[in-house]
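A.B. asks: Residue numbers (my numbering): 663 to 930. Here's a structure for you.
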């Protein structure tokens with residue numbers, strides 16, 4: 663079994679990989695973690711156990727955890743997060759990948775600031791097997807720009823403002839400071855926007871949103887993605903409207919949604 667990455671005298675990090683059924687992209691995710699420039703610890707968690715997932719865990723020497731009960735995104739994420747025995751935890755999605763310098767950038771940030779609640783990176787989508795930018799990711803990158811100013815990144819007003827025009831943070835790009843945030847951090851009422859709602863919750867609290875303006879995370883866009891399923895059955899629209907109502911009056915939300923729904927084309 664591999665050792666934790668040392669981010670200081672006593673600081674540790676772990677990738678908590680959430681696996682669902684037999685994704686053909688899971689091994690790519692694991693390889694991107696194995697390929698980190700600084701050796702990375704990982705665990706593999708699932709609520710849909712199978713020989714395929716278990717064999718990948720054995721192949722790469724990754725601790726394997728199975729959650730009992732029906733699959734649920736929030737419960738599955740909390741299960742994986744809680745089983746990661748580390749100070750900093752990245753909840754990795756099985757379809758996504760990480761650049762080699764992800765952990766190295768986290769290490770530099772953790773050494774510099776002790777008040778980081780969320781470590782966030784830029785990201786790029788993977789479409790048809792190719793990594794590349796699109797209009798949606800470019801707009802969200804602009805929304806995150808205030809976090810580049812160090813003296814602003816710990817201000818509640820700034821953290822909330824970057825989220826008021828949509829969820830500009832890519833969930834698998836985020837590492838959580840477990841020492842600061844504690845256990846079971848996902849407590850949202852939403853099924854789709856549980857990540858956006860979680861970021862909003864921690865934006866309203868003390869803690870720095872440390873942002874690395876480099877695309878160190880790649881999220882995969884494909885027909886089997888959960889995001890596409892929520893768009894097709896209209897649950898995403900309901901969640902989006904409800905989230906915008908946390909920031910804006912109803913008539914403003916209607917105007918925002920006219921434009922925000924254009925981002926759904928990412929999965930078109």
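Each residue gets a CB set at the ideal place from its N, CA and C atoms; glycine is no exception.
1) Is the beta carbon of residue 728 within less than 6 angstroms of some heavy atom of the ligand MG?
2) Should residue 702 be labelled buried (16 or more other beta-carbon atoms within 10 Å of its own) or exposed?
3) In angstroms with no decimal places, state the Cα-to-Cα distance between residue 815 and residue 851.
4) When DSSP builds the beta bridges, which residues end up paired with residue 792?
5) I need the DSSP call for residue 667, collapsed to helix, strand or coil.
6) Per DSSP, what kind of secondary structure is residue 930 in: helix, strand or coil?
7) Tell me, which residues are paired with residue 877 by DSSP?
8) Between which two residues does the alpha helix (DSSP H) harbouring residue 643 extend?
9) Going by alpha carbons, who is nearest to residue 838 out of 855, 822, 864, 824?
10) Classify residue 923 as buried or exposed, calling it buried when 16 or more other Cβ atoms lie within 10 Å of its own Cβ.
11) For residue 694, which of 918, 881, 914, 898 has the nearest alpha-carbon?
12) Quick one: what's got a C-beta closer than 6 angstroms to residue 828's C-beta in the same chain, skipping five residues either side?
13) Measuring straight from C-alpha to C-alpha, what distance separates residue 812 and residue 870?
14) May I ask you to list the residues that DSSP assigns as paired with residue 708?
15) Let's test the definition: count the other Cβ atoms within 10 Å of the Cβ of residue 765 and tell me whether it reaches 16, buried, or not, exposed.
16) I'd like the span of the alpha helix (DSSP H) that includes residue 849, first residue to last.
17) In terms of residue numbering, what span does the alpha helix (DSSP H) encompassing residue 722 cover?
18) Taking the C-alpha atoms as reference points, what is the distance between residue 778 and residue 847?
19) Check each candidate in 840, 845, 817, 858 and name the one with the smallest Cα separation from residue 831.
C.D. replies: Quick look at the numbers:
1) Only the bare structure without any ligand can be found here, which leaves the ligand MG out of the picture.
2) Residue 702 is buried by the Cβ-count criterion.
3) Taking the straight line joining both Cα atoms gives about 26 angstroms.
4) DSSP, once it has assigned bridges, lists 789 as partnering residue 792.
5) Below a pLDDT of 50, predicted positions are generally treated as unreliable, and residue 667, at 42, falls in that range; no measurement from the model is reported.
6) Note that residue 930 has pLDDT 45, beneath the 50 cutoff, so the model's placement of it is unreliable and the number below is only indicative. In the structure shown, residue 930 sits in coil (DSSP, three-state: anything other than H, G, I, E or B).
7) Beta-bridge pairing links residue 877 to 784.
8) The chain is shown from 663 up to 930; residue 643 falls before or after that span and cannot be answered.
9) When only C-alpha atoms are compared, the closest one is 864.
10) Exposed, by the Cβ-count rule.
11) The residue with the shortest Cα to Cα distance from residue 694 is 881.
12) Excluding five sequence positions before and after residue 828, the CB atoms of its chain that fall closer than 6 angstroms to its own CB belong to 922, given in chain order.
13) Cα atoms of residue 812 and residue 870: separation of roughly 9 angstroms, rounded to the nearest angstrom.
14) Residue 708 is bridged to 681, 728.
15) Looking at its Cβ environment, which holds 16 or more other Cβ atoms inside 10 Å, residue 765 is buried.
16) If you look at residue 849, you'll find it isn't in any alpha helix (DSSP H); DSSP assigns it neither H nor E.
17) 713–722 is the span of the alpha helix (DSSP H), which, as asked, contains residue 722.
18) C-alpha separation (whole angstroms): 15 angstroms.
19) Comparing alpha-carbon positions, the option among 840, 845, 817, 858 lying closest to residue 831 turns out to be 858.
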